[in-house]
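Visitor:
Residue numbers (this note's numbering): 3 to 139.
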């Protein structure tokens with residue numbers, strides 16, 4: 003009986019600790035944009051109309067469409083802390099200069115350690131700050 007009480011108390015204490023640091027996803031309206039798509043606040047590359055976008059699933063899985071490359075990744079979020087892990091990217095016969103800006107964007111997103119949301123604007127802070135706009139149309 004004492005062991006069972008101890009286990010239940012441990013589970014309740016662990017859940018309370020996780021909730022207190024904000025590890026449970028907040029609603030999409032005031033928290034991380036799970037289930038939404040967003041576009042990088044940047045101009046298209048010369049000779050193209052494409053601008054990078056992220057389509058984020060309900061569990062943090064993400065489909066990336068960059069200036070040339072595409073692929074998948076995963077976001078993990080706890081409070082305002084964020085970790086992005088990129089999966090393999092499709093090369094799509096990108097010109098070297100476009101491939102480099104795609105790789106630089108992935109590097110910047112992977113190096114971001116915190117995020118913030120202000121309305122439809124999502125920012126990722128790290129060595130290279132990034133700003134995205136939610137696609138609300």
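We put the CB at the ideal spot given by N, CA and C, even for glycine.
Bear in mind the structure is a predicted one, so any value in this text is a computation, not a measurement.
1. Within 10 angstroms of the Cβ of residue 108, are there 16 or more other Cβ atoms? Answer buried if so, exposed if not.
2. Is residue 73 near residue 99, with beta carbons less than 7 angstroms apart?
3. I want to know whether the stretch 101 to 121 touches the stretch 61 to 72 - three or more CB-CB distances under 8 angstroms.
4. Which class does residue 56 belong to by DSSP, given the choice of helix, strand or coil?
5. Identify the residues that DSSP records as bridge partners of residue 74: which are they?
6. Give the straight-line distance between the Cα atoms of residue 133 and residue 90, rounded to the nearest whole angstrom.
7. Provide the residue span of the beta strand (DSSP E) that contains residue 118, from first to last.
8. Which residue or residues does DSSP assign as beta-bridge partners of residue 41?
9. Which of the three DSSP states is assigned to residue 83 in this structure?
Guide: In this structure, then:
1. In the chain shown, residue 108 corresponds to position 106, counting from 1. Residue burial annotation: residue 108 is buried, with at least 16 other C-beta atoms found within 10 angstroms of its C-beta.
2. If you number the chain shown from 1, residue 73 lands on position 71. If you number the chain shown from 1, residue 99 lands on position 97. With respect to residue 99, residue 73 sits apart: the two C-beta atoms are not nearer than 7 angstroms.
3. Enough Cβ pairs lie closer than 8 angstroms, so yes.
4. Along the chain shown, read from residue 1 onward, the residue named residue 56 stands at position 54. The three-state reading of DSSP puts residue 56 in strand, counting E and B together.
5. On the chain shown, position 72 is the one that residue 74 refers to. Paired residues: 65.
6. Counted from its first residue, the chain shown places residue 133 at position 131. Counted from its first residue, the chain shown places residue 90 at position 88. Roughly 23 angstroms separates the two Cα atoms.
7. Residue numbering aside, residue 118 sits at position 116 when the chain shown is read from its first letter. Start and end: 116 to 120.
8. Here residue 41 is taken as the residue at index 39 of the chain shown, counted from 1. Beta-bridge pairing links residue 41 to 55, 135.
9. In the chain shown, residue 83 corresponds to position 81, counting from 1. Annotated three-state conformation of residue 83 is strand, per DSSP.
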